[in-house]
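Undergrad: Residue 981 in this note's numbering is what sits at position 79 of the sequence shown, and the numbering runs on without skipping anything. Virtual Cβ for every residue (Gly too), placed ideally from N, Cα, C.
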Amino acid sequence: MPFLEFIAGSISGAVGLAVGHPLDTVKVRLQAQSEYKGIFHCVAKTYSNEGVRGFFRGMAFPVLTTGIINSVVFGSYSNALDYLTQSRHSDRSEGKPASAAHVFTAGCFSGLVQVLCSVPIDLVKVRLQGQTTADRYRGPIHCVAVILREEGPRGLFRGGLALALRDIPCYGLYFLPYEVTRKALTESGKQPGTFAILIAGGVAGVVTWAFANPMDVVKARLQMSGAGGREYRGVLHCIRVSIREEGGRVFFKGLLLNSLRAFPVNAVTFLSYESLMQIFCPLR
């Protein structure tokens, strides 16, 4: 049933978040702040100043909301693919794969839907991860209150265009390498095994972040610009200023970290999702 795909997506998203949040915190700080010389310097400075808890800043809010976001992503994707192919998840698992065009279109649709839901959530997460002390934001609710007071309701959607430019095409790419890799690692007529799903999920994550990283940097900078960071007037202004001051390499900040984080996080996420779907919708 369609709603079961939303439930499976919700649970798998929470599992993936638990695996990847510490590295995501380091990534956000590298992208939005220029005081760090690299990954190890950021890790060392975060640990020396804040301890282990520093790597989990902003995690409470995503834990409460990631289930919703991932539910939207996987549920929208799977149901859009059902509509485009006039088939079901179980049919595709039995050797009737969707075309690349259908997979990409359904992925883009899922990206669009999740952007509409996730802009304020992602903003709060980035603000909490980006602060090195608790002086400005005491928690997610306080963060929302400060943003509303200082920036108004529009402030909650800061970086929304950059998020849309990142996620809509990249979610199309996200599901495409997963489907292709999983099929390549599965013998004809057989169900994909754990190894095939893990590798396909990991590859999907790495490929997606390779394309998403430049706009992810822009998004992080725009979101932090209202919290004491450099002020930017919009996406194009942020791109121009970043290139002028730091060169084109700035858009690849955090790429290595994103790739290292993306493989295990997405491998676990897809494995959790597929395992839950097998439980909810067993093949006959």
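Rounded to a whole number of angstroms, what is the C-alpha to C-alpha distance between residue 905 and residue 978?
TA: For this step, residue 905 is matched to residue 3 along the sequence shown. For this step, residue 978 is matched to residue 76 along the sequence shown. The straight-line gap from Cα to Cα measures roughly 10 Å.
Undergrad: If we call anything under 9 Å between Cβ atoms a contact, is residue 1015 one with residue 1062?
TA: Counted from its first residue, the sequence shown places residue 1015 at position 113. Counted from its first residue, the sequence shown places residue 1062 at position 160. Contact: no.
Undergrad: Report yes if the CB atom of residue 1082 is closer than 9 Å to the CB atom of residue 1058, and no otherwise.
TA: The count along the sequence shown starts at 1 and reaches residue 1082 at position 180. The count along the sequence shown starts at 1 and reaches residue 1058 at position 156. Not a contact, by the Cβ cut-off of 9 Å.
Undergrad: Tell me which residues share the same chain as residue 968 and place their Cβ nearer than 7 Å to its Cβ, disregarding the 5 neighbours each side in the sequence.
TA: What you label residue 968 is simply residue 66 of the sequence shown in a count that begins at 1. If we look at residue 968 and ignore the five residues flanking it on each side, its Cβ neighbours are 915, 916, 919.
Undergrad: So the alpha helix (DSSP H) residue 1079 belongs to, where does it begin and stop?
TA: The residue you call residue 1079 lines up with position 177 of the sequence shown. Residue 1079 -> alpha helix (DSSP H) spans 1062-1086.
Undergrad: Express the C-alpha separation of residue 1074 and residue 1186 in angstroms, rounding to a whole number.
TA: Locating residue 1186 in the sequence shown gives position 284, where the first residue counts as 1. Locating residue 1074 in the sequence shown gives position 172, where the first residue counts as 1. With a pLDDT of 48 at residue 1186, under the threshold of 50, the modelled position of this residue cannot be trusted, and the question is left open.
Undergrad: If you drop the 5 nearest sequence neighbours on each side, which residues of the same chain put their C-beta closer than 7 Å to that of residue 1121?
TA: Locating residue 1121 in the sequence shown gives position 219, counting from the first residue. If we look at residue 1121 and ignore the five residues flanking it on each side, its Cβ neighbours are 1061, 1064, 1065, 1068.
Undergrad: Taking the alpha-carbon positions, what's the residue 1162 to residue 1108 distance?
TA: Residue 1162 sits at position 260 when you count from the first residue of the sequence shown. Residue 1108 sits at position 206 when you count from the first residue of the sequence shown. Their backbone Cα atoms lie some 8 Å apart in a straight line.
Undergrad: Check each candidate in 1047, 1184, 1103, 1028 and name the one with the smallest Cα separation from residue 1124.
TA: Working through the sequence shown from its first residue, we reach residue 1124 at position 222. Selected option, being the one with the closest Cα: 1028.
Undergrad: Between 1119, 1052, 1158, 1179, which has its C-alpha nearest residue 1138's C-alpha?
TA: The count along the sequence shown starts at 1 and reaches residue 1138 at position 236. That would be 1119, whose Cα lies nearest to the Cα of residue 1138.
Undergrad: Residue 1164 lies in the alpha helix (DSSP H); which residues open and close that run?
TA: Taking the sequence shown and counting its residues from 1, the one referred to as residue 1164 is at position 262. Start and end: 1157-1182.
Undergrad: Please say whether residue 1078 and residue 1002 have beta carbons closer to each other than 9 Å?
TA: Sequence index remark: in the sequence shown, residue 1002 carries index 100 (1-based). Sequence index remark: in the sequence shown, residue 1078 carries index 176 (1-based). In this structure, residue 1078 lies closer than 9 Å to residue 1002 by Cβ.
Undergrad: Find the nearest neighbour of residue 1070 within the set 1030, 1013, 1032, judged by alpha-carbon distance.
TA: Residue mapping note: residue 1070 aligns to position 168 of the sequence shown, counting from 1. Comparing Cα-Cα distances from residue 1070 to each of 1030, 1013, 1032, the minimum goes to 1013.
Undergrad: Would you please state the rounded distance, in angstroms, between the beta carbons of residue 931 and residue 1031? I believe it to be under 8 Å.
TA: Stepping through the sequence shown from its first residue, residue 931 is reached at position 29. Stepping through the sequence shown from its first residue, residue 1031 is reached at position 129. About 7 Å separates the two Cβ atoms, so the contact holds.
Undergrad: Below 9 Å between beta carbons: does that hold for residue 976 and residue 927?
TA: Indexing the sequence shown from 1 puts residue 976 at position 74. Indexing the sequence shown from 1 puts residue 927 at position 25. Result no, Cβ atoms of residue 976 and residue 927 do not sit closer than 9 Å.
Undergrad: By Cβ distance, which residues of its chain are closer than 8 Å to residue 1159, with the 5 residues on each side in sequence left out?
TA: Against the sequence shown, residue 1159 aligns to sequence position 257. These residues qualify, in order along the chain: 925, 928, 929, 932, 941.
Undergrad: Could you give the residue range of the alpha helix (DSSP H) that holds residue 1053?
TA: In the sequence shown, residue 1053 corresponds to position 151, counting from 1. Run containing residue 1053: 1042-1053, per the alpha helix (DSSP H) assignment.
Undergrad: Quick one: using the 10 Å Cβ neighbour count with 16 as the cut-off for buried, is residue 1049 buried or exposed?
TA: Looking up residue 1049 in the sequence shown gives position 147. The residue in question, residue 1049, is buried, as its Cβ has 16 or more Cβ neighbours within 10 Å.
Undergrad: Among 990, 984, 921, 1164, whose alpha-carbon lies nearest the alpha-carbon of residue 1102?
TA: As a first step, residue 1102 is located in the sequence shown; it is residue number 200 there, counting from the start. Comparing Cα-Cα distances from residue 1102 to each of 990, 984, 921, 1164, the minimum goes to 1164.
Undergrad: Figure out for me which residue from 1110, 1040, 1171 has the closest Cα to the Cα of residue 961.
TA: As a working mapping, residue 961 is identified with position 59 in the sequence shown. Out of 1110, 1040, 1171, 1040 has the C-alpha closest to the C-alpha of residue 961.
Undergrad: Going by CA-CA distance only, name the one from 1176, 1183, 948, 953 that's closest to residue 1100.
TA: Counted from its first residue, the sequence shown places residue 1100 at position 198. The shortest C-alpha separation from residue 1100 is found at 1176.
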